[in-house]
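Everything on this sheet refers to the single structure shown next.
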DNA sequence: GCTGTATTCAACGTTTTGGTTGAATGAAAG
DNA sequence: CTTTCATTCAACCAAAACGTTGAATACAGC
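Right, here's the structure in full:
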C-alpha cells in the first residue's frame, strides 16, 4: 500500500522540490546564466564547466521544479527562466546569506579589497548620472549576453578583452561596470583592473537581471 | 591536497546551503511553525510529528544555513526565525509553485471546493472592514501561537475547538478566518466548517507572518 | 550530590542525489 | 538515406542526506 500524505505534506513536498532545485551550486550557477537570457545546453555546460550530460540532468531538475522552460530550436534546446519571481527569491537568499553566513561575509569582503571607492552604485543613481552624461556604463559580460539585453547606452567589453580594449574608454568620466548580478565576479575584476589602470571606476550595485526586474529600461541593440 | 574552489563557486556553495535547507518538507513545516513565533524543540517535534532527535537535526541544518536562531532558556532551547526576509523567499516559492507546478494547482483547487464565496480576503480589505466593525476576525491557530502575536481584535478559537465553541461567534457578521499562512490548512477547514454551519465565512489571503511582514499591526494580547 | 527532563551527539543502515560513461533519440545537412 | 551534431536516456558507482537508536550533555529541582 502506498503512503498516504496529507495535503499539507504534499504541498510542503512540492515546495521542497523548488528548494532542492536551489540546493546545488551548479544549478545556481546555471540559473545565473539563464537570468541573462536564453541559452542552449552545451552553451551552459561550457559556461559552468560541466559535462553536457550533467548539465542536461541539472536543467531537467530545474524544469521539474518549474524554474526554467525549455523549447526546441532546430538542433538546439533553448532554456530560459520560467519566472521572474525567481530573481526575488535569489535576492532574498543573497540577503540572508550575507547577513547570517560568515563565510559569505568574508568572501565578499575579500572581493572588496579596494574598500572605500568600491562601494557599489545604486541603480537609480546610475540612471540619473547616465542621463546627465556623467558616466560611462560598461557591460563586461560576454557579447552574447549583451546582445540579449543590456542597459541603454552601455558599452560592451567582455572582461577577457578589457585589457586589450581599455583604450576605448574615455579617461575623463567615471566608469560604472555591471555584469550578471550583485555577486558576479566579472565587474569586481573589471573595476579592480580599471582602477589599476588609473580610471575612476565603480560597480553597479546589481546586475542586469535585477535592473530589468526593477522595471528599468533594457534594450536589445 | 584539498580542492581549491573559486570564490564564485564558494559563494554559490553557500547559497546552495540555504537552498538545501529549504529542500525538505519537514524543514519547511518547521519554518512554518517558527514563523508564528518562538518554539522549543519538542514543541516543534510534536507539531510536525517528528522524533525529537530528527527535529533537532533538521533545526541544526536550518541554523547552519542562517535561517533560524537558537537560544537556551533553562531546560529548553527556543528556536526563532533568524530573518524576516525568509518570508519573502517562501512567498516567492509559493508563487512559483502555484504557477508552474500542476500538483500544487490541483491541491489548492481541491481545498477550494466551495469555489466562488471562498475567494480569500486581501489584508488591506480586512483592515478596513475590521475597523468599520463589519467583520469578526477569527484566529484558528493554537492558543500558544495566538499568544505570541495576533491581529488586533481577533478572536482565538483553535480549529479543534471550533465545533464546540461555534456558539461564541456572532451570526450577523461575516467571519474572516486566518492561520499560519496562505496555504495553511487550518483556515481552509475552518471556513468549510463555518459555512456548513450557516455562517458567512471567508479566509484571509495570508497568515499572520505575512500580515506582520507587511507592516500591519500585531498585538500580543 | 542525585534525579528527571530537554536537547544534542555518534554510529548505523537506507535512500536519494551527483556525476560519468556509452548508447539512443531528434533534427538538419549532405 | 546516411551523416552529423545537440540533447537525452539508462546504467552504474560514489557521495551525501535521512531517520533511528542509544548514549552523552545541560540544566532545574531537590
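Chains as they are written, first to last, in this note's numbering: chain C, 1 to 221; chain V, 1 to 221. For glycine and all other residues, C-beta sits at the position ideal for the given N, C-alpha and C. Fair warning: this is a prediction, and the values are worked out from it, not measured in the lab.
By the DSSP assignment, the beta strand (DSSP E) with residue 98 of chain C in it spans what residues?
If you number the first chain from 1, residue 98 of chain C lands on position 98. No beta strand (DSSP E) holds residue 98 of chain C; the alpha helix (DSSP H) holding it covers 85-100.
Given this structure, state the Cα-to-Cα distance separating residue 276 of chain C from residue 70 of chain C, to the nearest angstrom.
Since the first residue of chain C shown is 1 and the last is 221, residue 276 of chain C is not available in this structure.
Could you round the C-beta distance between residue 101 of chain C and residue 19 of chain V to whole angstroms and report it? I think they count as a contact, below 8 Å.
Looking up residue 101 of chain C in the first chain gives position 101. Looking up residue 19 of chain V in the second chain gives position 19. About 13 Å separates the two Cβ atoms, so there is no contact after all.
Assuming residue 70 of chain V is part of the beta strand (DSSP E), what are its boundary residues?
Taking the second chain and counting its residues from 1, one reaches residue 70 of chain V at position 70. Taken as a continuous stretch (DSSP letters only), the beta strand (DSSP E) holding residue 70 of chain V covers 68-73.
Judging by CA-CA distance, which residue of C:217, C:176 and C:213 is the nearest neighbour of residue 204 of chain C?
For the purposes of this step, residue 204 of chain C is identified with residue 204 of the first chain, where counting begins at 1. Residue C:176 is the option with its Cα nearest to residue 204 of chain C.
So, using beta-carbon positions, are residue 13 of chain C and residue 187 of chain V closer together than 8 Å?
Position 13 of the first chain, counting from 1, holds the residue named residue 13 of chain C. Position 187 of the second chain, counting from 1, holds the residue named residue 187 of chain V. Contact: no.
Helix, strand or coil: how does DSSP classify residue 264 of chain V here?
As displayed, chain V neither begins before 1 nor continues past 221, which places residue 264 of chain V out of reach and without an answer.
Among V:201, V:180 and V:168, which residue has its Cα nearest to the Cα of residue 121 of chain V?
Here residue 121 of chain V is taken as the residue at index 121 of the second chain, counted from 1. If we check each option's Cα against that of residue 121 of chain V, V:201 comes out closest.
Would you kindly work out how many angstroms separate the C-alpha atoms of residue 216 of chain C and residue 208 of chain C, rounded to a whole number?
If you number the first chain from 1, residue 216 of chain C lands on position 216. If you number the first chain from 1, residue 208 of chain C lands on position 208. C-alpha separation (whole angstroms): 10 Å.
Take residue 125 of chain V as the anchor and find which of V:58, V:195, V:22 and V:211 has the nearest alpha-carbon.
Here residue 125 of chain V refers to the residue found at position 125 when the second chain is read from its first residue. Nearest C-alpha to residue 125 of chain V: V:211.
Going by the DSSP bridge assignment, what does residue 139 of chain V pair with across the sheet?
Residue mapping note: residue 139 of chain V aligns to position 139 of the second chain, counting from 1. According to DSSP, residue 139 of chain V bridges with V:156 and V:178.
Leaving out five residues before and five after residue 83 of chain V in sequence, what residues of the same chain have Cβ atoms less than 6 Å from its Cβ?
Reading the second chain from its first residue, position 83 is the one you call residue 83 of chain V. Cβ within range, chain order: n/a, list empty.
Does the count of Cβ pairs from the segment 140-154 of chain C and the segment 47-61 of chain V closer than 8 Å reach three?
Touching, no.
Is it buried or exposed for residue 90 of chain C, if we count other Cβ within 10 angstroms and need 16 for buried?
Looking up residue 90 of chain C in the first chain gives position 90. Residue 90 of chain C should be labelled buried.
Let's see if you can read the secondary structure: which residues bound the alpha helix (DSSP H) around residue 52 of chain C?
Within the first chain, residue 52 of chain C is the residue found at index 52, counting from 1. First-last of the alpha helix (DSSP H) with residue 52 of chain C: 52-64.
What's the gap between the Cα of residue 153 of chain C and the Cα of residue 159 of chain V?
Within the first chain, numbered from 1, the residue matching residue 153 of chain C stands at position 153. Within the second chain, numbered from 1, the residue matching residue 159 of chain V stands at position 159. Approximately 59 Å, taken between the alpha carbons.
Do residue 11 of chain C and residue 107 of chain V have their C-beta atoms closer together than 8 Å?
Here residue 11 of chain C refers to the residue found at position 11 of the first chain. Here residue 107 of chain V refers to the residue found at position 107 of the second chain. Contact: yes.
Is DSSP giving residue 204 of chain C helix, strand or coil here?
The count along the first chain starts at 1 and reaches residue 204 of chain C at position 204. Correct three-state label for residue 204 of chain C: strand.
DSSP has residue 162 of chain C in a bridge; who is on the other side?
The residue labelled residue 162 of chain C in the question sits at position 162 within the first chain. The partner list for residue 162 of chain C (beta bridge, DSSP) is empty, contrary to what the question assumes.
Give, in chain order, every residue of the segment 90-101 of chain V whose Cβ lies closer than 9 Å to some Cβ of chain C.
So the close ones are 90, 91, 92, 93, 94, 95, 96, 97, 99, 100 and 101.
By DSSP, does residue 25 of chain C sit in helix, in strand, or in coil?
Your numbering for residue 25 of chain C matches position 25 in the first chain. Residue state, collapsed to three classes: helix.
What is the DSSP secondary structure of residue 40 of chain C, reduced to helix, strand or coil?
Here the question's residue 40 of chain C lines up with position 40 in the first chain. Three-state result, residue 40 of chain C: strand.
Any idea what DSSP makes of residue 104 of chain V, helix, strand or coil?
For the purposes of this step, residue 104 of chain V is identified with residue 104 of the second chain, where counting begins at 1. DSSP places residue 104 of chain V in helix when its eight states are reduced to three.
If we count the other Cβ atoms within 10 Å of its Cβ and call it buried at 16 or more, is residue 23 of chain C buried or exposed?
Here residue 23 of chain C corresponds to residue number 23 of the first chain, with the count starting at 1. Classification of residue 23 of chain C: buried, given that the 10 Å Cβ count is 16 or more.
For the segment 140-169 of chain V, which residues have a beta carbon sitting closer than 7 Å to at least one beta carbon of chain C?
Cβ contacts with chain C: none found.
For chain C, check one thing: does any of its Cβ atoms lie closer than 8 Å to the Cβ of residue 57 of chain V?
Within the second chain, the letter at position 57 stands for residue 57 of chain V. With 8 Å as the cut-off, residue 57 of chain V does not count as an interface residue toward chain C.
Does any residue of chain V have a CB that is nearer than 8 Å to the CB of residue 183 of chain C?
What you label residue 183 of chain C is simply residue 183 of the first chain in a count that begins at 1. For residue 183 of chain C, the answer is yes, since a Cβ of chain V falls inside 8 Å of its Cβ.
I'd like to confirm the pairing. Which residues does DSSP put opposite residue 81 of chain C in its beta bridges?
For this step, residue 81 of chain C is matched to residue 81 along the first chain. The partner list for residue 81 of chain C (beta bridge, DSSP) reads C:68.
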